[in-house]
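A.B. asks:
In our numbering, the protein residues as written are 2 to 343.
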């Protein structure tokens with residue numbers, strides 16, 4: 002249950018700004034738990050909510066981290082600040098524009114962009130809390146393209162490295178995963194996501210089942226699938242869900258109620274996501290059926306992904322723009338990965 006005295010202590014620690022990063026991170030996580038519970042019981046005073054949102058925005062507006070904080074540590078703190086703003090769920094004409102600008106910024110860490118995208122699921126859209134649905138949907142589409150292009154580029158770089166090693170006579174050993182070790186940040190908190198992947202939860206790949214792929218091919222395609230599923234999940238959350246009977250819409254499908262002009266763009270992004278989910282889903286193996294679809298290897302999977310995002314690019318990426326690959330960022334050591342409690 003929320004403890005007002007504890008909340009005051011944590012907010013004071015954040016305001017002081019002189020505590021160690023470990024204490025700051027713990028304070029942000031504690032504040033996050035309180036504001037998440039406040040969505041249900043609404044026990045936090047309005048002035049305290051305003052103060053918390055102000056501190057979160059102050060952190061997001063820091064162009065560079067303090068001298069004693071790493072870039073990775075700054076990203077982790079800013080991700081928690083976005084989570085807090087999402088749980089508060091209200092806009093002041095500054096919060097949502099800031100989150101949208103982070104989501105669209107190609108120069109910042111991918112994990113921060115993904116957190117900003119997922120935050121769109123949780124806002125309480127109303128006449129006072131709105132986003133421009135068409136441009137926001139197109140930005141989500143551009144993020145889908147970037148996620149997929151990054152993985153295609155990573156695999157291409159891996160293949161080039163293996164070819165170079167083979168040509169030089171150097172044994173690649175376990176190098177079939179290429180620079181897999183450097184991709185830890187791309188997966189973020191995937192291990193902590195548990196059942197939170199919703200409709201995407203059965204696509205991560207595993208050693209179970211009777212895949213007909215060779216062991217090395219299975220490991221490669223599972224790794225690629227995990228990267229894509231984890232990252233695309235954030236956009237999947239942002240898109241949200243349509244209203245079903247008495248269950249209200251969430252995410253962008255709640256936002257479009259306030260901005261019906263964006264419906265076509267939103268439906269286009271949802272359609273692309275649905276097709277990508279189908280491509281990434283692991284086919285069920287049925288030895289008794291000759292028509293059972295075989296699991297594709299990594300190259301075939303990425304060819305199908307590339308074909309799908311080319312269709313999307315024509316709508317969401319300006320023709321003169323050729324985005325460069327963004328290197329996946331690594332998390333701060335020892336920092337928790339996923340949105341706590343969600």
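Backbone N, C-alpha and C define an ideal beta-carbon position, used for all residues, glycine too.
Just to confirm my understanding: we take residue 75, look at its own chain, exclude 5 residues before and 5 after, and list those with CB closer than 6 Å. What are they?
C.D. replies: For residue 75, where only same-chain residues beyond five positions count, the Cβ hits under 6 Å are 66.
A.B. asks: Please classify residue 179: is it buried, with 16 or more other beta-carbons within 10 angstroms of its beta-carbon, or exposed?
C.D. replies: Note on residue 179: pLDDT 44, under 50, position unreliable in the model; no value is reported.
A.B. asks: What does the Cβ neighbour count give for residue 84, buried or exposed, with the cut at 16 atoms within 10 Å?
C.D. replies: That one is buried.
A.B. asks: What are the boundary residues of the alpha helix (DSSP H) that includes residue 59?
C.D. replies: Run containing residue 59: 47-61, per the alpha helix (DSSP H) assignment.
A.B. asks: So, helix, strand or coil for residue 116, using DSSP?
C.D. replies: The answer is helix: DSSP assigns residue 116 an H, G or I state.
A.B. asks: Whether or not the stretch 264-276 and the stretch 134-144 are in contact is what I'm after, with contact meaning three or more pairs of Cβ atoms, one per stretch, closer than 8 Å; do they touch?
C.D. replies: Segments in contact, yes.
A.B. asks: Can you check whether the CB of residue 242 is closer than 7 Å to the CB of residue 251?
C.D. replies: Contact: yes.
A.B. asks: Would you report the Cα separation of residue 255 and residue 168, rounded to the nearest angstrom?
C.D. replies: For residue 255 and residue 168, the distance between alpha carbons rounds to 55 Å.
A.B. asks: Just how far apart, CA to CA, sit residue 1 and residue 279?
C.D. replies: Limits of the chain in this structure are 2 at one end and 343 at the other, which puts residue 1 out of reach.
A.B. asks: In whole angstroms, what separates the C-alpha of residue 344 from that of residue 310?
C.D. replies: Because the chain in this structure spans residues 2 to 343, residue 344 falls outside the shown range and cannot be described.
A.B. asks: Should residue 239 and residue 121 be called a contact, given that it needs their Cβ atoms to be closer than 7 Å?
C.D. replies: Taking 7 Å as the Cβ cut-off, residue 239 and residue 121 qualify as a contacting pair.
A.B. asks: Quick one: what's got a C-beta closer than 7 Å to residue 33's C-beta in the same chain, skipping five residues either side?
C.D. replies: Counting only Cβ-Cβ distances below 7 Å, and skipping sequence neighbours, we find 81, 84, 85, 88 and 341.
A.B. asks: Nearest to residue 39 by CA position, among 90, 6 and 212, is which residue?
C.D. replies: Nearest of 90, 6 and 212 to residue 39, Cα basis: 90.
A.B. asks: Considering only the beta carbon of each residue, do residue 143 and residue 318 sit closer than 7 Å?
C.D. replies: It is a contact, given that the beta carbons lie within the stated cut-off.
A.B. asks: What does the Cβ neighbour count give for residue 18, buried or exposed, with the cut at 16 atoms within 10 Å?
C.D. replies: Its Cβ having fewer than 16 others within 10 Å, residue 18 is exposed.
A.B. asks: If I measure Cβ to Cβ from residue 212 and keep anything under 6 Å in the same chain, skipping five residues before and after, which residues do I get?
C.D. replies: For residue 212, where only same-chain residues beyond five positions count, the Cβ hits under 6 Å are 219 and 296.
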